[in-house]
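Right, one structure below, let's go through it.
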Amino acid sequence: KQEVTQIPAALSVPEGENLVLNCSFTDSAIYNLQWFRQDPGKGLTSLLLIQSSQREQTSGRLNASLDKSSGRSTLYIAASQPGDSATYLCAVRQGGSEKLVFGKGTKLTVNP
Amino acid sequence: GAVVSQHPSRVICKSGTSVKIECRSLDFQATTMFWYRQFPKQSLMLMATSNEGSKATYEQGVEKDKFLINHASLTLSTLTVTSAHPEDSSFYICSASRTSGGATDTQYFGPGTRLTVL
Chain P
2 KQEVTQIPAA
12 LSVPEGENLV
22 LNCSFTDSAI
32 YNLQWFRQDP
42 GKGLTSLLLI
52 QSSQREQTSG
62 RLNASLDKSS
72 GRSTLYIAAS
82 QPGDSATYLC
92 AVRQGGSEKL
102 VFGKGTKLTV
112 NP
Chain U
-14 GAVVSQHPSR
-4 VICKSGTSVK
6 IECRSLDFQA
16 TTMFWYRQFP
26 KQSLMLMATS
36 NEGSKATYEQ
46 GVEKDKFLIN
56 HASLTLSTLT
66 VTSAHPEDSS
76 FYICSASRTS
86 GGATDTQYFG
96 PGTRLTVL
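For the record, the sequence lines run as chains P and U. Numbering-wise (our numbering), the first sequence opens with residue 2 and increments by one. Numbering-wise (our numbering), the second sequence opens with residue -14 and increments by one.
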């Protein structure tokens, strides 16, 4: 059974810092991995999707990497801003399935 | 494109009543829709997967008779929480995916519905 773990559970940083969020998964037979952002009481916004054959994806100040063999992904946020404050969720899709398995998320607070 | 809406966004009901939540794909046809539940500070947990015109597939531990799912069209799925109890209070999120060229697209998520059962 796939399990997804995100570390740390919460993170507080001053504005302008570069930071890394971590995601690990137990079963490396994944189809893809996706990072989402969730604001309080809101739905999910997809940030980056990495296919199993890819190593990384970039969008603006965000960069996500994937090391499938070791079961790890990182989300790098450059020059953090208060507007980046949210919970970041990592989810993996298994090969041969449409199901997503989510981690519990990392709650990020960027202080002005 | 690929917008998913949910209605209502928030509902408060008395214990024992039934509540219906709608999930719509606004600008695409969703071959598959998913229903998730999220408790405070917890991850999203998949409750069931539904395909248009067929019965939903429920995850282990999810009561089929309590959480009724209807996927009547390619743009609408409904989740009915029957005889709701306070422990059913949660954030319910739907997602929708489409099949294109034989491959299933990514899931597009709705904004969620906050259910509070008194």
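For glycine and all other residues, C-beta sits at the position ideal for the given N, C-alpha and C. Fair warning: this is a prediction, and the values are worked out from it, not measured in the lab.
{"Item": "Contact with chain U by residue 47(P), beta-carbon distance below 8 angstroms", "Value": "yes"}
{"Item": "Residue 18(P) in three-state terms, based on DSSP", "Value": "coil"}
{"Item": "Contact residues within the region -10 to 23 of chain U, judged by C-beta distance below 7 angstroms to chain P", "Value": "17"}
{"Item": "Closer than 8 angstroms at the beta carbon, the chain U residues around residue 26(P)", "Value": "Chain U residues near residue 26(P): none, gap ~13 angstroms exceeds 8 angstroms."}
{"Item": "The region 19 to 37 of chain P touching the region 60 to 69 of chain U, judged by at least three CB pairs closer than 8 angstroms", "Value": "no"}
{"Item": "Inter-residue spacing [alpha-carbon to alpha-carbon] between residue -2(U) and residue 8(P)", "Value": "36 angstroms"}
{"Item": "For residue 7(U), three-class secondary structure by DSSP", "Value": "strand"}
{"Item": "Alpha-carbon to alpha-carbon, residue 30(U) and residue 21(U)", "Value": "5 angstroms"}
{"Item": "Counted within 10 angstroms of its Cβ, other Cβ atoms place residue 104(U) as buried (16 or more) or exposed", "Value": "For residue 104(U) there is no data in the structure shown, the boundaries of chain U being -14 and 103."}
{"Item": "Reduced DSSP secondary structure (H/G/I, E/B, other) of residue 40(P)", "Value": "coil"}
{"Item": "C-alpha distance - residue 51(P) paired with residue 73(U), whole-angstrom precision", "Value": "34 angstroms"}
{"Item": "Residue 3(U) classed as buried or exposed, judged by whether at least 16 other C-beta atoms fall within 10 angstroms", "Value": "exposed"}
{"Item": "6 angstroms CB neighbourhood of residue 76(U) in its chain, flanking five on each side removed", "Value": "23, 97, 99"}
{"Item": "Beta-carbon separation (whole angstroms), residue 6(U) vs residue -9(U), contact threshold 8 angstroms", "Value": "6 angstroms"}
{"Item": "Chain P within 8 angstroms of residue 52(U), Cβ atoms only", "Value": "no"}
{"Item": "CB contact below 8 angstroms: residue 96(U) versus chain P", "Value": "yes"}
{"Item": "Cβ separation of residue 111(P) and residue 16(P), assumed to be a contact under 8 angstroms, to the nearest whole Å", "Value": "6 angstroms"}
{"Item": "One or two residues paired with residue 93(P) in a DSSP bridge", "Value": "34(P), 102(P)"}
{"Item": "Rounded separation between residue 97(P) and residue 113(P) - CA only", "Value": "44 angstroms"}
{"Item": "For residue 14(P) and residue 22(P), believed in contact at Cβ under 8 angstroms, the rounded distance", "Value": "At roughly 11 angstroms, the Cβ-Cβ gap does not stay under 8 angstroms, so residue 22(P) and residue 14(P) are not in contact."}
{"Item": "Cα-Cα separation, residue -12(U) to residue 71(P)", "Value": "34 angstroms"}
{"Item": "Local conformation of residue 72(U) per DSSP, three classes", "Value": "helix"}
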